[in-house]
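Read the structure below first, then the notes.
In my numbering, the protein residues as written are 38 to 393.
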């Protein structure tokens, strides 16, 4: 592995690695790719706000994802109890404009007071949403998202319901929530938390998209939701987190417009890939669902690409009679301890142009 670190750039002709030895360094590199410019971001699409979520708990980051979409254009910043020097410098570089939003930074759940004071000392306004209880916070963020509607109509009429107990099966929905602004509610496997029940009763016409198998959100919970809602209730499931990520990428609902609909061969699709056991990289990858190639997330392992993902990529990448575009692309996140170089090369083999 040391030889690989010395010899290779970490990129291939159709894959780009967003480097970092830990989540914060990967996140900063992703932010600098998405919002380039120094000493401050200079692009017209620079952030309008920032979503600040605690780095230690996936629930708050997942539910915060709906706030990313325009007009907020507010990337999720995962933070520890105190901003590091690198994080402070990056937040300064991003310098969110704060135009037509209630604050330049949205603090989700139990973000520490130390971080809040640091942000204020940088001259940024703050707004707290939620508390230390994840299910209540998922409702608070969802209510805020509905009250301050995203530019996409999808975020006004539809919600995601993900597990608040395990993360792998719901991870693929996070990037789409950033892409279209759908609120993200959380549930327990065997019961709907009281706060979430109340939200659904108060918004009976919403369409609910359950992302995950019955191992993460039970059939009984689904039945309870169907009994409460006038809108549609649709589950996107699979036999594993990998298959769920494939099915989510493939899915499109013509009645609501919800879904990536990446289901036509030869379109030159781009994807992000992270290990199924790393929710932080999953959240970070969502930035590339919000901007740029608008890439869905496909889950893999450090040392292998699951067969269901390989089959999907091969389906989307048929043999072509010419070398003309479009071409496929993949982003991988983290260092070689997150996704090995060999796995990245194997990913390249799945998506490179296949010619007669």
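Heads up, the beta-carbon is just placed ideally off N, CA and C, and yes, glycines get one too.
Proximity of the stretch 224 to 232 to the stretch 338 to 351 falls short of the contact definition, fewer than three beta-carbon pairs being nearer than 8 angstroms. Beyond the five residues adjoining it in sequence on each side, residue 279 comes within less than 6 angstroms, by CB distance, of 336, 343, 345 and 346 in the same chain, given in chain order. With contact defined as three or more Cβ pairs closer than 8 angstroms, the stretch 190 to 209 and the stretch 122 to 132 are not in contact. Taking every protein chain shown into account, the CB of residue 328 has 16 or more other CB atoms within 10 angstroms, so this residue is buried. Secondary structure note for residue 368: its beta strand (DSSP E) is the uninterrupted segment 366 to 370.
Per the C-alpha coordinates, the member of 168, 232, 81 and 307 positioned closest to residue 146 is 168. For residue 296, the closest C-alpha among the options 270, 348, 217 and 252 is that of 217. The stretch 57 to 84 is shown to contain whole alpha helix (DSSP H) runs of 4 or more residues at 60 to 71, in chain order. In the DSSP annotation of this structure, residue 328 is not part of any beta strand (DSSP E), being labelled neither H nor E. Taking a cut-off of 8 angstroms on C-beta distances, the stretch 158 to 175 touches the stretch 82 to 100, as three or more cross pairs fall below it.
Spatial neighbours of residue 319 in its own chain (CB-CB distance under 7 angstroms, excluding positions within 5 residues in sequence) are listed in chain order as 208, 211, 311 and 334. Three or more beta-carbon pairs drawn from the stretch 288 to 295 and the stretch 176 to 195 are found closer than 8 angstroms, and the two stretches are therefore classed as touching.
Look at the stretch 146 to 203 and you find these whole runs of beta strand (DSSP E), each 3 residues long or longer: 163 to 166 and 195 to 200. Nearest Cα to residue 126 within the set 317, 75 and 60: 75. Each residue's CA atom was taken as its position, placing residue 54 and residue 261 some 43 angstroms apart.
Inclusion of residue 308 and residue 277 in the CB contact set at 9 angstroms is not warranted, their separation being larger than that value. According to the DSSP assignment, residue 52 belongs to the beta strand (DSSP E) that extends over 52 to 55. One Cα belongs to residue 367, the other to residue 48, and the distance between them is close to 10 angstroms.
Inclusion of residue 236 and residue 180 in the CB contact set at 9 angstroms is warranted, their separation being smaller than that value. The beta carbon of residue 306 is closer than 7 angstroms to those of 299, 353 and 365 in its chain, skipping five residues each way along the sequence. In the DSSP annotation of this structure, residue 277 is not part of any beta strand (DSSP E), being labelled neither H nor E.
Distance from residue 362 to residue 304 at the Cβ level is roughly 11 angstroms; contact not present, criterion being Cβ atoms closer than 8 angstroms.
Taking residue 317 as the centre and dropping the five residues before and after it, the same chain places the C-beta of 60, 92 and 115 closer than 7 angstroms to its C-beta, in chain order.
Within the same chain, no Cβ atom closer than 7 angstroms to the Cβ of residue 184 is found once the five residues on either side in sequence are excluded. Listed in chain order, the non-local C-beta contacts of residue 255 below 7 angstroms within the same chain comprise 226 and 227, local neighbours out to five positions each way being set aside. Minimum Cα-Cα distance from residue 156 among the listed residues 88, 108, 186 and 138 corresponds to 88. If you look at residue 321, you'll find it in the alpha helix (DSSP H) that goes 316 to 322.
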